[in-house]
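J.: Mind having a look at this structure? Questions to follow.
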Amino acid sequence: MGCGDFPILRQEVHGQPLCYLDNTATSQKPEAVLAAMDGYYRTTNANIHRGVYQLSEEATRLYEGARARIARFINAPLAREIIYTRNASEAINLVAATWGRANVGPGDAILYTAMEHHSNLVPWQMLAAERGATLRAIPVDAAGRLLLDHLDTLLAGVKIVAVTHMSNVLGTINPLQRIIAAAHRAGALVLVDAAQSVPHLPVDVQALDADFLAFSSHKMLGPTGIGCLYGRRALLEAMPPYQGGGDMIRRVTLDGFTVNDLPWKFEAGTPAIAEAIGLGAAVDYLSALGMDHVHAHEQTIIAYALAQLAGVPGLRVYGPPAAERGGVVAFSLGEIHPHDIASLLDQRGIAIRAGHHCCQPLMDLYDVPALARASFYVYSTPADVDRLVDGLTFVRGVFGA
Ligand SMILES: Cc1ncc(COP(=O)(O)O)c(C=O)c1O
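All letters in the sequence shown, in the order written, are residues 873 to 1273 by our numbering.
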């Protein structure tokens, strides 16, 4: 897996070849994705669904064809169980706002975890405040694993469990099958935040037995502006619509409306057509690589990264050993502020992220305001790790550490 397909990676930053290590935030895009979107605008641009002319029919075919390939990619039984949203955040908000308002009431509980991204915390906090429900969190231990010893107790009275498949800070890959089986035994549904897993691991919604699953295109080689919600057909059919507008209706009168079928019931207004086509091309690209290979590649890189980072004096890695995590590593370096680490690495063409990573409760748990984070993807190489380690030696030198 090389970087030849990714034009952005051919450039220099501050006179050095770009070393892009912020893939957890967003990924770069291969030529195939850029060409699919460019080709759509050059040859096929038209609004979808209601046109009876060739261009519109072709645009509709491309838009719906991408949905079918996305469904196969995560082994969803039906293409209509894939709802296009703006991103993973909107997919989670959709479930909280529609299923949540219809099914969660006073005295019910919502269970999430202490390692969730704000996108899988705040929508539930908004729902709980509105409906008088209570919130509970599965704790995280010092090594970055979920503490599941008291899971059955935590599940009492819970209507929905919202859990990340892979932490965007610790890299921890959570034992979802165990959590989902326990939740179902307790009568709760499960929403999986798969923003970090669908891009990096084989994900099979049927094998997981997930009720809902959310992810973003831009983290999996596709464009920004589009993401997906997978939901079981029976659940989606029973849920009220999310937003009102064109396409989500079957019939409108001056007195009211009837809703369209799945998936369009949840897709009000002109959608992100070029972006859906771009995401379809990203799915094709990842499918051709093979998600088993993508995962194996990242495991090799993260094992090498953890071994090399262990040799940097004063560096502390957060999260579990390589075998239990994906290709992301958050760290601190002595007393040096993560923003200083990231700015100094940038001078050497190395792009990492520093901050709270939209996981402030996790930062509170580890009693740090911020961490530095490097994250890898299909085009990352051991040479990128070597540049990071060299760069950190340079940072220590600047601070006399
Ligand atoms: C675990 C996790 N969940 C949710 C999100 C939100 O994704 P988006 O900003 O694309 O909606 C992210 C983004 O970093 C993430 O890492």
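Note that the Cβ used here is the ideal one computed from N, Cα and C, for glycine as well.
These numbers come from a predicted model, not from an experiment.
Alpha carbon to alpha carbon, how far is Ala986 from Arg941? Give it in angstroms, no decimals.
T.: Counted from its first residue, the sequence shown places residue 941 at position 69. Counted from its first residue, the sequence shown places residue 986 at position 114. Computed Cα separation, rounded: 33 Å.
J.: For the alpha helix (DSSP H) containing Gly1043, name the first residue and the last one.
T.: Residue mapping note: residue 1043 aligns to position 171 of the sequence shown, counting from 1. Neither: Gly1043 is in no alpha helix (DSSP H) and is coded neither H nor E.
J.: If I follow the unbroken beta strand (DSSP E) through Val967, where does it start and stop?
T.: Here the question's residue 967 lines up with position 95 in the sequence shown. Not the beta strand (DSSP E): Val967 falls in the alpha helix (DSSP H), residues 960-967.
J.: What residue does the alpha helix (DSSP H) around Thr1006 start on, and which one ends it?
T.: Translated into the one-based positions of the sequence shown, residue 1006 becomes position 134. Taken as a continuous stretch (DSSP letters only), Thr1006 belongs to no alpha helix (DSSP H), being part of the beta strand (DSSP E) at 1006-1010.
J.: Between Val1131, Asp1258, Tyr1114, which has its C-alpha nearest Ile1121's C-alpha?
T.: Translated into the one-based positions of the sequence shown, residue 1121 becomes position 249. The shortest C-alpha separation from Ile1121 is found at Val1131.
J.: If distances are taken between C-alpha atoms only, which option among Asp1218, Leu1080, Leu1027, Val1201 comes closest to Leu1042?
T.: Stepping through the sequence shown from its first residue, residue 1042 is reached at position 170. Comparing Cα-Cα distances from Leu1042 to each of Asp1218, Leu1080, Leu1027, Val1201, the minimum goes to Val1201.
J.: Would you mind giving the Cβ-Cβ distance between Leu1019 and Val1012, rounded to the nearest angstrom? I have them listed as a contact below 8 Å.
T.: Sequence index remark: in the sequence shown, residue 1019 carries index 147 (1-based). Sequence index remark: in the sequence shown, residue 1012 carries index 140 (1-based). 7 Å between Cβ atoms; contact.
J.: Hey, could you find the ends of the alpha helix (DSSP H) Ser928 is sitting in?
T.: Locating residue 928 in the sequence shown gives position 56, counting from the first residue. It spans 926-945 - the alpha helix (DSSP H) in which Ser928 sits, taken as one unbroken run.
J.: Evaluate Phe1129 with the Cβ neighbour count: other Cβ atoms within 10 Å of its Cβ, from every protein chain shown; 16 or more gives buried, anything less gives exposed.
T.: Along the sequence shown, read from residue 1 onward, the residue named residue 1129 stands at position 257. Flag for Phe1129 reads exposed.
J.: Quick one: is Leu1264 buried, meaning 16 or more other Cβ sit within 10 Å of its Cβ, or exposed?
T.: Here residue 1264 corresponds to residue number 392 of the sequence shown, with the count starting at 1. By the 10 Å Cβ count, Leu1264 comes out buried.
J.: Please state the DSSP three-state secondary structure of Leu1134.
T.: Counted from its first residue, the sequence shown places residue 1134 at position 262. Three-state DSSP puts Leu1134 in coil, outside helix and strand.
J.: Do you know how far the Cα of Val1166 is from the Cα of Pro1071?
T.: The residue labelled residue 1071 in the question sits at position 199 within the sequence shown. The residue labelled residue 1166 in the question sits at position 294 within the sequence shown. For Pro1071 and Val1166, the distance between alpha carbons rounds to 9 Å.
J.: Should Asp1236 go down as buried or exposed, given a rule of 16 or more other Cβ atoms within 10 Å for buried?
T.: Here residue 1236 is taken as the residue at index 364 of the sequence shown, counted from 1. Label assigned to Asp1236: exposed.
J.: So the candidates are Ala1015, Arg1057, Ala1082; which of them puts its Cα closest to the Cα of Ala1044?
T.: Taking the sequence shown and counting its residues from 1, the one referred to as residue 1044 is at position 172. The residue you asked about is not Ala; residue 1044 is Thr in the sequence shown. Comparing Cα-Cα distances from Thr1044 to each of Ala1015, Arg1057, Ala1082, the minimum goes to Ala1015.
J.: If the criterion is Cβ atoms closer than 8 Å, does the pair Thr1036 and Gln1068 meet it?
T.: As a working mapping, residue 1036 is identified with position 164 in the sequence shown. As a working mapping, residue 1068 is identified with position 196 in the sequence shown. The answer is yes: Cβ separation under 8 Å.
J.: Any idea what DSSP makes of Ala1001, helix, strand or coil?
T.: Your numbering for residue 1001 matches position 129 in the sequence shown. DSSP places Ala1001 in helix when its eight states are reduced to three.
J.: I'd like to confirm something about Ala1265: is its beta-carbon nearer than 7 Å to some heavy atom of ligand 1, or not?
T.: Numbered from 1 along the sequence shown, position 393 holds the residue referred to as residue 1265. This sequence places Thr at residue 1265; Ala is not what is there. Not under cutoff, so the answer is no.
J.: Using the C-alpha atoms, what's the distance from Leu993 back to Gln1232?
T.: Counting from one through the sequence shown, the residue named residue 1232 turns up at place 360. Counting from one through the sequence shown, the residue named residue 993 turns up at place 121. Between Gln1232 and Leu993, the C-alpha separation is close to 10 Å.
J.: Going by other Cβ atoms of all chains shown within 10 Å of its Cβ, with 16 needed for buried, is Glu962 buried or exposed?
T.: Translated into the one-based positions of the sequence shown, residue 962 becomes position 90. Buried, since its Cβ has 16 or more Cβ neighbours within 10 Å.
J.: Reducing DSSP to helix, strand and coil, say where Gly1103 ends up.
T.: Residue numbering aside, residue 1103 sits at position 231 when the sequence shown is read from its first letter. Gly1103: strand per DSSP, three-state reduction.
J.: Just to confirm my understanding: we take Asn919, look at its own chain, exclude 5 residues before and 5 after, and list those with CB closer than 8 Å. What are they?
T.: The residue you call residue 919 lines up with position 47 of the sequence shown. Excluding positions up to five away in sequence, the list reads Ser928, Ala931, Thr1142, Ile1145.
J.: Spatial neighbours of Arg1104 within its chain, please: C-beta separation below 6 Å, excluding the five flanking residues on both sides.
T.: Here residue 1104 refers to the residue found at position 232 of the sequence shown. Excluding sequence neighbours, Arg1104 sits near Asp1083.
J.: By a C-beta neighbour count over all protein chains shown, 10 Å radius and 16 as the cutoff for buried, is Phe1087 buried or exposed?
T.: The count along the sequence shown starts at 1 and reaches residue 1087 at position 215. Buried, because 16 or more other Cβ atoms sit within 10 Å of the Cβ of Phe1087.
J.: How many Å lie between Gln883 and Gln1171 at the Cα?
T.: Locating residue 883 in the sequence shown gives position 11, where the first residue counts as 1. Locating residue 1171 in the sequence shown gives position 299, where the first residue counts as 1. The alpha-carbon atoms of Gln883 and Gln1171 are separated by roughly 26 Å.
J.: Along the chain, where does the alpha helix (DSSP H) that runs through Phe1266 open and close?
T.: The count along the sequence shown starts at 1 and reaches residue 1266 at position 394. 1254-1270 is the extent of the alpha helix (DSSP H) around Phe1266.
J.: Taking the alpha-carbon positions, what's the Leu1119 to Ala1168 distance?
T.: As a first step, residue 1119 is located in the sequence shown; it is residue number 247 there, counting from the start. As a first step, residue 1168 is located in the sequence shown; it is residue number 296 there, counting from the start. According to the sequence provided, residue 1119 is Asp. The question's Leu does not apply to it. Approximately 41 Å, taken between the alpha carbons.
J.: Skipping 5 residues on each side, what residues in its chain have a beta carbon closer than 6 Å to that of Val1033?
T.: One-based indexing of the sequence shown puts residue 1033 at position 161. So the list reads Leu983, Ala1055, Ala1060, Val1062, once near-sequence residues are dropped.
J.: Near Ile1213, what residues of its chain come up, given a Cβ to Cβ distance below 7 Å and the 5 sequence neighbours on each side ignored?
T.: Along the sequence shown, one-based indexing puts residue 1213 at 341. Closer than 7 Å at Cβ, skipping near neighbours: Leu1205, Ala1226, Ala1244, Val1267.
J.: Would Ala1153 and Ile1098 be called neighbours here (beta carbons separated by less than 8 Å)?
T.: For the purposes of this step, residue 1153 is taken as the residue at position 281 of the sequence shown. For the purposes of this step, residue 1098 is taken as the residue at position 226 of the sequence shown. No, they are not a contact pair.
J.: Output the distance between the C-alpha atoms of Gln888 and Arg1220, rounded to the nearest integer angstrom.
T.: Taking the sequence shown and counting its residues from 1, one reaches residue 888 at position 16. Taking the sequence shown and counting its residues from 1, one reaches residue 1220 at position 348. Approximately 6 Å, taken between the alpha carbons.
J.: Please identify the residue among His1228, Pro1254, Tyr1251 whose C-alpha is closest to the C-alpha of Ala1242.
T.: Sequence index remark: in the sequence shown, residue 1242 carries index 370 (1-based). For the residues His1228, Pro1254, Tyr1251, the minimum Cα distance to Ala1242 belongs to His1228.
J.: So, helix, strand or coil for Glu1196, using DSSP?
T.: Translated into the one-based positions of the sequence shown, residue 1196 becomes position 324. Looking at Glu1196 - three-state DSSP - the assignment turns out to be helix.
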